[in-house]
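These notes are about the structure you will find just below.
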Amino acid sequence: MFGYGLRRLLEAVLVLWLAATLAFGAMHLTPGDPAQTLLAASGASADEVARRRVQLGLDDPLPVQYVRYLADLARGDLGVSWLHGRSVRRMILEQLPATAELALAATLFGALVGVVLGLLAALYRGTWVDALLTGLAVLGLSTPVFWSGLLAILLFSLHLRWFPSAGSGGLPYLVLPTATLGFALAGSVARMVRAQVVEALRMPYVLAALARGIPPWRILLVHVLRPALGPAVAVVALQLGFLLSGAVVTESVFARQGLGRLAVQAILWRDLPVVRGVVLVGALAYLLTGLLADLIQVWLDPRLRQ
Amino acid sequence: MRRRLLVLLVAAALATGCTPQPGGRIVYGLTLAPSGIDPHINASSELGIPLTSVYDTLVYQDPKTGEFVPGLAQQWEVSEDGKVYTFYLRRGVKFHDGTPFNAEAVRFNLERIVSPDLASQRARFMLGPYERTEVVDEYTVRIILREPFAPLLDSLSQVYLAMASPTAVQQWGSEYQLHQVGTGPFIFVEYVPGDHLLLRRNPNYAWGPPVYQHRTAQLEEVEFRFFTDPATRSPALESGAADVMGEIPPQDAARLQGSADFRIEAVAIPGVSLMLFMNTTRSPLDDINVRQALLFGTDRKAIISAVFRDTSPVACGPLAAATFGYNPMVCQFYQPYNPDQAAALLEEAGWKDTDGDGVRDKDGQPLVLDFYLMGWGYMPEVGQLIADQWARLGVRVQSQVVSYPEALEIAKEGRHHLMPFNLSGSDPDILRRFFHSQGGFNWSKVNDPEMDRWLEEGARVSDRNRRADLYAKVQDRVMESALIIPIRDYVNLNGVSNRVQGLRFDARGWFPWLIDVTLRR
């Protein structure tokens, strides 16, 4: 167990280092001079732009910049945003709760709706119910969030006036963004659960259980659904990347704060310290989700404990 | 004038049976999440929308006359050589935290702005050849320049050079932007980045400029929220999530205009119009005949109608008509749309379709132009229409959407044939960035020593008539030399709930004077 923990920890450090290095390299290879981007519209002269470049440390050789960056990172220093002039750590901490809240709510919504839809589709496989639910799942999978979000606003905010279209502060504000983002997730979960349940229903142990007179609901929930949920959990965990990128759009459509909008702005403005900071947080989120998914899968499926 | 307006307002209120009353709150929709909101540091134009009401400036510009009027400075004088500005400050002004406003506060603010550690992205450059500030006595302050700089008063009338409380700036350091303290009609209550910004009425405000109509703010609170996705702006307005919303897309504006509950307040923004820069150093655009052909062969009216639903005027030259120094004579150039003349000019320049593939060619080279554009400001839509119009002329366009940093890089290296841009600004000195040989946005790659001299002199002389003459010549020269294809003057389409009355904007066109806004109940 201790060896396992140590291995996971070393893997985590390696992943974080790779993410940090990729973020560093990708932004330095992207065309566009940060100093020029910041100052061009203000009428700064070429000399003034050059001075700002020196101030930002951009005229140092790349290896020097890289080592300085890693050294700062090792001390937990994410630097100061070139665009905002504020501490990157503070900026990320400000935006993280809103994004985590949305991602978590959308995951719960997507998992719940996905499992129920998938289960029903499997039970009624081959009927019109299955066709309808599978169609819904495909719709969820393939509708871009900016479109479904806008439709949700038009229907639920503008016409029915059930939920606010924009802003934050309490559950009503969370409903539409969660449903929009969660609906997309529910699609992939439903398809996975349906396939798993259909397969499990064909297993001899289901027939054996039936023969022993175990009530069908118990067979379904304990013997069929439980092993089927393992892969679904893996799917949900793998969807984190989708959730984070979907959150970018959702935040914009519903005028919410969040890391997504911060990241997009930072990339557009070549605000390297913020880009690197957000990438690191994303990598960290992946690691934590991966760990959590593994633990849940082991709990669901005892065969994985060996 | 003001009394007549008041009479009109009262009459209008009586006519509708509703009287504007003090108090209440509105939600104001911003369209960009600002890139930091310290006006001394950051460059975003969104920050000025809320913060213009938090701060006061030394002078104000009357949007009707273009004249500068007293603000925190009651009077000022400019030395003979144009290098020393002396400001006599208003007494009895207090920052929201109780700190008194005086000459030392002015010096503190200007020195903060130019300090290299602050890394200002805009304010520093608006001060031009600033050298230092001298405190003459408690209420007299001198700004000393290395050389004359005519746009200084225009700069000092903007929120970027507004007066912040020295106490608060020192107390909060790099977190000052979340705790801003000014002397203005509204107090900065809180800012949750990316979520909202809240202002509350300053009951002690009594030193507003003559351009304000009320002594203190009429609204109790104003909340700002960020609607970055254009498609969501009009739904937010209509669902009541916002009472005022900037930059409504033209197609939504047309619909809102017909509604009983909302109106569109279209505000012309001064500055450099949306225009296509033609790279005069890259073949075939190094030939003026080809550039003139493209000007004649661009149906700007059709673009305005299709993309902007006729909400913006066609631009005639580099400066928007709302800008001081705009020269209406530029409208004589390349108008109206004339594809026949365009074709004749191309023939004359030797571009003929010899192989019958629909694209003109010369010496075996097809007439293909590299067109780089950015994804915002309806540039892709404009680019698409232009490509279609020019295809009929036998000119092929290769369009590519690039990011702003990339565009700057491409322009620097001169890899483009065409690239569009627009920039707002109320002083015509803005032209220096675009048409001076050393300008940062010299995307036409022009090198005209005479125009350089006009632009340099325009930045130095303070006489307004002389400046207007110089900039008139620059605008003529830009169009005679066919450096650009002007498309449209920028117009901000504000969607406003009919509850909201008295919304007016400053000379920049972007920044509302919230002190005078009232709610109809």
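First to last, the protein sequences are chains A and B.
Position one of the first sequence corresponds to residue 1 (our numbering), numbered consecutively onward.
Position one of the second sequence corresponds to residue 1001 (our numbering), numbered consecutively onward.
All C-beta atoms in this analysis are idealised placements derived from N, C-alpha and C, irrespective of residue type, glycine included.
Only counting the same chain, and skipping five residues up and downstream in sequence, which positions put a Cβ closer than 6 Å to that of B:Pro-1250? Phe-1308, Arg-1309, Thr-1311
Between B:Pro-1313, B:Val-1078, B:His-1416, which has its C-alpha nearest B:Glu-1406's C-alpha? B:His-1416
Does the distance from the CB of B:Pro-1366 to the CB of B:Arg-1396 come in under 8 Å? Yes, Cβ-Cβ distance for B:Pro-1366 and B:Arg-1396 is below 8 Å.
The stretch 1107 to 1126 of chain B / the stretch 1430 to 1447 of chain B touching (three or more Cβ pairs under 8 Å): no
Among B:Glu-1190, B:Leu-1385, B:Tyr-1404, whose alpha-carbon lies nearest the alpha-carbon of A:Ala-266? B:Tyr-1404
Short of 9 Å Cβ to Cβ, which residues in the stretch 79 to 104 of chain A face chain B? Val-80, Ser-81, Trp-82, Leu-83, His-84, Gly-85, Arg-86, Ser-87, Arg-90, Met-91, Glu-94, Gln-95, Ala-98
Which partner residues does B:Trp-1352 have in the DSSP bridge list? First, the residue type needs correcting, since residue 1352 of chain B is Lys and not Trp in the sequence shown. Beta bridge pairing from DSSP links B:Lys-1352 with B:Asp-1361.
Counting beta carbon pairs with one atom in the stretch 1213 to 1224 of chain B and one in the stretch 239 to 258 of chain A, are three or more of them shorter than 8 Å? The stretch 239 to 258 of chain A makes no contact with the stretch 1213 to 1224 of chain B: fewer than 3 CB pairs, one atom from each, lie closer than 8 Å.
Go through its chain and collect everything with a Cβ distance to B:Pro-1313's Cβ below 6 Å, but skip five positions before and after it. Asp-1489
Could you name the residues of the stretch 165 to 192 of chain A whose beta carbon sits closer than 7 Å to any beta carbon of chain B, in the order they occur along the chain? Ser-165, Ala-166, Gly-167, Ser-168
If we cut at 8 Å on Cβ distances, does B:Pro-1594 have a partner in chain A? Outside the modelled stretch of chain B, which goes from 1001 to 1521, sits residue 1594 of chain B, for which no answer is possible.
Any non-hydrogen atom of the ligand HEM closer than 7 Å to B:Gln-1121 Cβ: As for the ligand HEM, it is missing from this structure, which has no ligand bound.
At the level of alpha carbons, what is the spacing between A:Ser-142 and A:Leu-108? Whole-angstrom Cα-Cα distance: 20 Å.
Relative to the alpha-carbon of A:Ala-74, which residue among A:Ala-103, A:Glu-94, A:Thr-21 has its alpha-carbon at the smallest distance? A:Thr-21
Between B:Ser-1045 and B:Trp-1510, what straight-line distance do the alpha-carbon atoms span, to the nearest angstrom? Using only the alpha carbons, I get a separation of about 8 Å.
Roughly how many angstroms separate the alpha carbons of B:Gly-1246 and A:Arg-256, rounded to a whole number? 18 Å
Tell me the rounded alpha-carbon separation between B:Phe-1149 and B:Val-1461. 7 Å
Relative to the alpha-carbon of B:Ser-1053, which residue among B:Pro-1512, B:Arg-1520, B:Thr-1518 has its alpha-carbon at the smallest distance? B:Pro-1512
Less than 8 Å between the beta carbons of A:Val-193 and A:Val-115, yes or no? Yes. Within cutoff.
Does the Cβ of A:Arg-191 have 16 or more other Cβ atoms within 10 Å, making it buried, or fewer, making it exposed? buried
Measuring only the C-alpha atoms, how far is B:Thr-1298 from A:Trp-147? 34 Å
Distance, Cα to Cα, B:Pro-1166 vs B:Gly-1036? 19 Å
Can a CB atom of chain B be found closer than 8 Å to the CB of A:Arg-270? yes
Decide yes or no for the touch test of the stretch 1452 to 1468 of chain B against the stretch 1347 to 1355 of chain B: beta carbon pairs closer than 8 Å, at least 3 of them. no
Does any residue of chain A bring its CB to less than 8 Å from the CB of B:Pro-1249? no
Using CA atoms only, rank isn't needed, just tell me which of A:Gly-290, A:Pro-63, A:Gln-36 is closest to A:Pro-52. First, the residue type needs correcting, since residue 52 of chain A is Arg and not Pro in the sequence shown. Measuring from the Cα of A:Arg-52, the nearest candidate turns out to be A:Gln-36.
A:Gln-257 CB to nearest chain B CB: under 8 Å? yes
With 8 Å set as the bound, which would you pick, yes or no: does the beta-carbon of A:Arg-276 sit closer than that to a beta-carbon of chain B? no
Please check the pair A:Ser-252 and B:Ser-1239, which I expect to be a contact at CB under 8 Å, by giving their CB distance rounded to whole angstroms. The pair is not a contact, with the Cβ atoms about 17 Å apart (cut-off 8 Å).
Within a Cβ cutoff of 8 Å, which residues of the same chain sit near A:Pro-227, ignoring the five residues on either side of it in sequence? Hits under 8 Å: Gln-196, Ala-200, Leu-300, Asp-301.
Straight-line gap, A:Gly-149 to A:Leu-210 (C-alpha atoms, nearest Å): 44 Å
What would DSSP say about B:Gly-1017, mapped onto helix, strand or coil? Residue confidence is low: B:Gly-1017 scores 42 on pLDDT, short of 50, so the model does not pin down where it sits. Its coordinate-derived value is still stated next. It is coil, neither helix nor strand.
Looking only at C-alpha atoms, which of B:Pro-1428, B:Tyr-1176, B:Ala-1482 sits nearest to B:Leu-1153? Ranking the options by Cα distance to B:Leu-1153, first place goes to B:Pro-1428.
Cα separation between B:Ala-1268 and A:Phe-163? If I take the Cα positions, the gap works out to 35 Å.
Is the Cβ of B:Ala-1119 closer than 8 Å to any Cβ of chain A? yes
So for B:Glu-1077, helix, strand or coil by DSSP? Residue state, collapsed to three classes: strand.
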